[in-house]
Amino acid sequence: MDIKKIFGSVLTLAGIGGLVYTAVLYGNNSDNTRAMIVYGVLGALFFFSGVGLIRNTSKKV
């Protein structure tokens, strides 16, 4: 595997983790709105950058 694909996979998994943690905080009716916003934005940023990195990595044939 290419190093870019590995890094993209790590970013995608970190993004999924951040989004899941945000959903857990939201589901528990947490009063800490700032933490939910920060984790949600960072999770979305990591997720979409990881997916974009995997998608744009060229295949070597």
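With the numbering used here as the guide, the letters of the sequence shown map in order to residues 7 to 67.
We put the beta carbon where it would ideally sit given N, CA and C, even for glycine.
Note that this is a predicted model, so its numbers are computed, not measured.
8 Å CB neighbourhood of residue i in its chain, flanking five on each side removed
| i | result |
| --- | --- |
| Thr-63 | Asp-8, Lys-10, Lys-11 and Gly-14 |
Contact set for residue i: own chain, Cβ-Cβ below 6 Å, skip 5 residues either direction
| i | result |
| --- | --- |
| Tyr-45 | Gly-24, Tyr-27 and Thr-28 |
Neighbourhood of residue i by C-beta distance below 7 Å, restricted to the same chain and skipping five residues each side
| i | result |
| --- | --- |
| Ser-55 | Leu-17 |
Residue-chain proximity (residue i, chain D), Cβ-Cβ < 8 Å
| i | result |
| --- | --- |
| Gly-46 | In summary, chain D is missing from the structure at hand, where a single protein chain is found. |
Using 8 Å as the threshold, is the stretch 55 to 62 in touch with the stretch 28 to 37, meaning 3 or more CB pairs across them? No, the stretch 55 to 62 does not touch the stretch 28 to 37.
Start-end ranges of the alpha helix (DSSP H) lying completely within the stretch 15 to 53, minimum 4 residues: If we require 4 residues or more, the stretch 15 to 53 turns out to have no alpha helix (DSSP H) run fully inside it.
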